[in-house]
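Residue numbers (our numbering), protein chains in the order written: chain A, 6 to 136; chain B, 6 to 136.
There are 2 protein chains.
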Amino acid sequence: MNTDIWVKIFKALGEPTRLKILKLLSVRPMYVCELEEVLQISQPRISQHLRVMKEAGLLKEKKDAQRTFYALRVQFLDDHFAGMIAYFNQGLENLPDFKDEYARLQQLDTNCDVTLCKQGKTATVRLEQEA
Amino acid sequence: MNTDIWVKIFKALGEPTRLKILKLLSVRPMYVCELEEVLQISQPRISQHLRVMKEAGLLKEKKDAQRTFYALRVQFLDDHFAGMIAYFNQGLENLPDFKDEYARLQQLDTNCDVTLCKQGKTATVRLEQEA
DNA sequence: TGTTTATATAATGATAGCCTTATTTATATT
DNA sequence: AATATAAATAAGGCTATCATTATATAAACA
């Protein structure tokens, strides 16, 4: 469960120009010069966005003489989104990253009074009372 | 097909602290003070991250006296991820945002010579020759 | 009513991200 | 060999983002 890579993936996706490039590459692999022509965007700008997405694992590149073409790594995306869904369906107790948080949350749920959250009831209790 | 909202969603997700808050809120709704206690992170920092995620539509908030609890908007996430998948499975010709790009791509695919991409073959052709 | 608790907001400084222009590297072409 | 094309990288300026500190608002409580 490496959430760092997800941060990188989401960062790479959270930019309009990159989303547009990604959509084009979902149609077919393209040379940088093709993207330049189709999108009417400067070459360095495209190259830099491609680098970000490549470093996030979203793309693969291949040299072809003096040109380079870029293609989507579909499987990579599928795998990581599946991983994310699994992660969010998993209990905190199984996640090493949340070791301390899990312990403190247990404290909150069992014994509100001794926590730094001075006003007794947890949000869970509050919701139950509503229903 | 509003890609702007996706950019906002991905931006909101592309930050380690926010991913962590989100994971906690996937366990149960929480008060800000609970998140503060569990994560051991300063209150303003948490509030600000919550605002970003709320503005992206990921969270809903509810006042409870002087406290506020935040909860995941699961349906919102489901809907938008479904929308994204549909979007990426759709041809450019159906996407108004890609009107011009579609036309230029057609040009490339049918008549390489007259484009600004001086070296004839497209990446598609190159790939076909490989196979 | 004065104090504590909970949260939001504002202001500041530091860092990261994006775009442009310029340069570099490498391959093709003449 | 000289020039043209393709792409990456570097340098710069500008804006956005993040964390901290301080302040504001509002409800609870003593």
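Note that the Cβ used here is the ideal one computed from N, Cα and C, for glycine as well.
Asked	Found
Answer yes or no: does any C-beta atom of chain A fall closer than 8 Å to that of B:Gly-62?	no
Within the present structure, is the beta-carbon of B:Leu-55 separated from the nearest heavy atom of the ligand HEM by less than 7 Å?	The model on display carries no ligand, and the ligand HEM is accordingly not part of it.
Can you tell which of B:Phe-103, B:Asn-7 and B:Lys-16 has its C-alpha closest to the C-alpha of B:Ile-56?	Per the sequence shown, the amino acid found at residue 56 of chain B is Arg instead of Ile. B:Arg-56 has its Cα closest to that of B:Lys-16, out of B:Phe-103, B:Asn-7 and B:Lys-16.
Do A:Val-32 and B:Leu-100 have their C-beta atoms closer together than 8 Å?	no
Can you grab the Cα-Cα spacing for the pair B:Pro-34 / A:Thr-8, in whole Å?	21 Å
I'd like the list of long-range same chain contacts for A:Arg-23, defined as Cβ closer than 7 Å, with 5 residues on each side in sequence excluded.	Ala-17, His-54, Val-57 and Met-58
Leaving aside the five residues before and after B:Pro-49 along the sequence, list all residues of the same chain whose C-beta is less than 7 Å from its C-beta, in chain order.	none
Looking at A:Ile-26: is its Cβ nearer than 8 Å to the Cβ of A:His-85?	no
Closest Cβ-Cβ distance between A:Pro-21 and chain B: below 8 Å?	yes
Using a C-beta to C-beta distance shorter than 8 Å, which residues of chain B count as neighbours of A:Val-43?	Glu-106, Arg-109, Leu-110 and Leu-113
If I follow the unbroken beta strand (DSSP E) through B:Asp-69, where does it start and stop?	64–69
Cβ closer than 7 Å: which chain B residues qualify as neighbours of A:Leu-97?	Val-32
Who are the neighbours of B:Glu-66 on chain A, taking C-beta pairs under 8 Å?	Those within 8 Å of B:Glu-66 in chain A number zero; the least Cβ separation is about 11 Å.
In terms of residues, what are the limits of the alpha helix (DSSP H) holding A:Arg-56?	48–60
Under the assumption that A:Leu-110 contacts B:Val-43 (Cβ atoms under 8 Å), give the Cβ distance between them as a whole number of angstroms.	5 Å
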